[in-house]
Amino acid sequence: MSSYRQLYYHIVFRTKHSLPTIRQENVKQLYAYIAGIIKHKNCYLYWINGTENHLHLLTDIHPSVAVAEFMRDVKVASSIWMKNSGFFPAFRGWADGYGAFTCSYFNIERLIDYIKNQQEHHMKVTFEGEYRKLLLESGIKIDERYFP
């Protein structure tokens, strides 16, 4: 008998100090690199997008991979690549931590649309405002030490 699963995660992580160091003219290369990391871990990336100071991933994480391990590998490998590529000269690294929110198959299209529209969304809402809302909607108590 085969095992079946649907382990969808909406993951959000930011640059160190939320600095705007992700040059938008070079994000296609970054997104392709991160997609490769995810594929190598036997996971599936549905969508990736972000702004100058943070990224959103919608991904299926294989059950053999812990979320913390997944994020450590994505952040470490992409950070090294970004610093060495020349595409992101101001990038100094990713901030500690991340938000990982489980989601339902029935919400996948809505989440993809949300992630696709990050640039428009952030014309009205700051990263901090968005992140607070995601945490609160997920029933997560906010630790104010991590918000400026």
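Position 43 of the sequence shown, counting from 1, maps to 193 under my numbering, and the rest follow consecutively.
From the three backbone atoms N, C-alpha and C, an ideal C-beta is built for every residue, glycine too.
Non-local beta-carbon contacts of Pro213 in its own chain, meaning distances under 6 Å to residues more than five positions away in sequence, involve Arg155 in chain order. Comparing alpha-carbon positions, the option among Val275, Gly247, Arg173 lying closest to Ala218 turns out to be Gly247. DSSP links Trp197 through a beta bridge to Leu208. Your pair Ile161 and Gly249 checks out as a contact, with CB atoms roughly 7 Å apart and the cut at 8 Å. In this structure Leu205 is in contact with Phe163, their Cβ atoms being roughly 6 Å apart against a cut-off of 8 Å. With a beta-carbon spacing of about 7 Å, Leu180 and Ser228 fall inside the 8 Å limit used to define contacts. Assigned with DSSP and collapsed to three states, Ala216 falls in coil, not helix or strand. Cβ-Cβ distances below 7 Å link His190 to nothing in the same chain once the five nearest sequence neighbours on each side are left out.
Out of Asp263, Tyr159, Gly200, Glu287, the CA that lies nearest to the CA of Thr165 is found in Gly200.
Secondary structure at Arg164: strand, using DSSP grouped into helix, strand and coil. In the three-state reduction of the DSSP assignment, Phe237 falls in the coil class, being assigned neither a helical nor a strand state.
One alpha carbon belongs to Ser235, the other to Asn203, and they sit about 18 Å apart. Less than 8 Å divides the Cβ of Val224 from the Cβ of Ile187.
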